[in-house]
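K.L.:
In the numbering used here, the protein residues as written are 21 to 312.
1) Straight-line CA distance for residue 31 to residue 85?
2) Rounding to the nearest angstrom, what Cα-Cα distance links residue 202 and residue 47 in this structure?
3) Determine whether the beta carbon atoms of residue 290 and residue 282 lie at a separation below 8 Å.
4) Taking contact to mean 3 or more Cβ pairs, one atom from each stretch, closer than 8 Å, check whether the region 253-267 and the region 165-184 are in contact.
5) Quick check on DSSP: helix, strand or coil for residue 71?
6) Give me, in chain order, the residues of the same chain whose beta-carbon lies closer than 6 Å to that of residue 94; leave out the 5 immediate sequence neighbours on both sides.
7) Measuring alpha carbon to alpha carbon, tell me which residue in 41, 57 and 144 is nearest residue 51.
8) According to DSSP, residue 151 sits in a beta bridge with which residue or residues?
9) Under 8 Å by Cβ, that's how I've got residue 166 and residue 158 pegged, so tell me the actual separation to the nearest angstrom.
10) According to DSSP, is residue 199 part of a helix, a strand, or is it coil?
11) Taking the C-alpha atoms as reference points, what is the distance between residue 118 and residue 155?
12) Please determine if the region 118-128 and the region 64-82 are in contact, where contact requires at least 3 C-beta pairs separated by less than 8 Å.
13) Out of 138, 82, 224 and 149, which has the shortest C-alpha to C-alpha gap to residue 120?
14) Express the C-alpha separation of residue 298 and residue 103 in angstroms, rounding to a whole number.
15) Mapping the DSSP letters down to three states, classify residue 143 as helix, strand or coil.
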């Protein structure tokens with residue numbers, strides 16, 4: 021799951037109501053909706069998100085399929101149509117047939133090159149609801165979450181002022197208590213190679229608030245849950261290796277073996293330290309410091 025996909029999964033996995041202000045033209049409320057990112061095993065297709073109403077409301081309330089597409093892709097519209105129909109078949113086979121459904125696309129602009137719209141024109145007209153994030157596409161009365169997601173696209177020098185404005189606008193909304201977490205998650209997703217102090221400055225967040233935020237602990241796997249030590253250790257090692265590959269490139273076989281042998285507490289420490297790594301030399305220095 022790439023960083024942007026993980027961001028949207030984190031945003032909605034436990035708070036499906038966050039989406040509702042963005043889709044008021046489709047739904048008055050989202051009470052009882054659940055969110056997941058199912059894999060359609062027949063074709064190994066993973067959806068960015070799926071919002072399901074309670075089972076008893078499924079016959080008359082719409083299912084919402086979420087797709088986040090942050091870059092041009094001339095196959096996107098065809099893929100979106102294909103994956104939507106695969107989902108309908110998947111739900112039918114699971115004993116949860118869908119009658120009403122819409123597709124929510126979060127993107128910079130629907131004017132990006134997503135492919136020829138003519139073959140899927142009716143699908144786009146009747147099924148797809150666009151949430152656009154580019155500064156020139158944001159509506160004047162955009163909800164705070166839509167404006168916050170726009171931080172993914174703004175020039176870096178505009179981020180502090182924009183973050184402050186969004187925080188003020190969110191103060192009178194249900195997002196007020198969560199806006200710092202949301203901004204932290206968005207900036208972590210966009211600048212996952214930058215130092216923590218840089219990200220705090222861009223978001224107008226104190227270092228203490230940032231490092232204690234849910235986003236910091238969860239979106240990149242830092243909030244490791246308690247559980248069976250052996251299983252959690254393997255999961256933590258795999259997460260640390262994925263993050264290291266993203267930040268530093270490939271690690272050596274010896275470094276990988278040393279990471280996989282670390283106890284859970286050391287893996288948690290590594291997951292926090294590697295946020296500031298610039299290359300594999302930093303990993304070697306971290307090992308040397310632990311041994312010293």
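Backbone N, C-alpha and C define an ideal beta-carbon position, used for all residues, glycine too.
P.N.:
Here's the rundown:
1) Position 11 of the chain shown holds residue 31. Position 65 of the chain shown holds residue 85. The alpha-carbon atoms of residue 31 and residue 85 are separated by roughly 15 Å.
2) For the purposes of this step, residue 202 is identified with residue 182 of the chain shown, where counting begins at 1. For the purposes of this step, residue 47 is identified with residue 27 of the chain shown, where counting begins at 1. Approximately 23 Å, taken between the alpha carbons.
3) Residue mapping note: residue 290 aligns to position 270 of the chain shown, counting from 1. Residue mapping note: residue 282 aligns to position 262 of the chain shown, counting from 1. Contact flag set, yes.
4) no
5) Working through the chain shown from its first residue, we reach residue 71 at position 51. Strand at residue 71.
6) In the chain shown, residue 94 corresponds to position 74, counting from 1. Correct list, in chain order: 133 and 135.
7) Within the chain shown, residue 51 is the residue found at index 31, counting from 1. Comparing Cα positions, the closest option is 41.
8) The residue labelled residue 151 in the question sits at position 131 within the chain shown. Answer is 126, bridged to residue 151.
9) By 1-based counting over the chain shown, the position of residue 166 is 146. By 1-based counting over the chain shown, the position of residue 158 is 138. Confirmed, Cβ separation roughly 7 Å.
10) Residue numbering aside, residue 199 sits at position 179 when the chain shown is read from its first letter. Helix.
11) Residue 118 sits at position 98 when you count from the first residue of the chain shown. Residue 155 sits at position 135 when you count from the first residue of the chain shown. About 35 Å.
12) yes
13) The residue labelled residue 120 in the question sits at position 100 within the chain shown. Of 138, 82, 224 and 149, the residue nearest in Cα terms is 82.
14) Taking the chain shown and counting its residues from 1, one reaches residue 103 at position 83. Taking the chain shown and counting its residues from 1, one reaches residue 298 at position 278. Those two C-alpha atoms are separated by around 37 Å.
15) Here residue 143 refers to the residue found at position 123 of the chain shown. Helix at residue 143.
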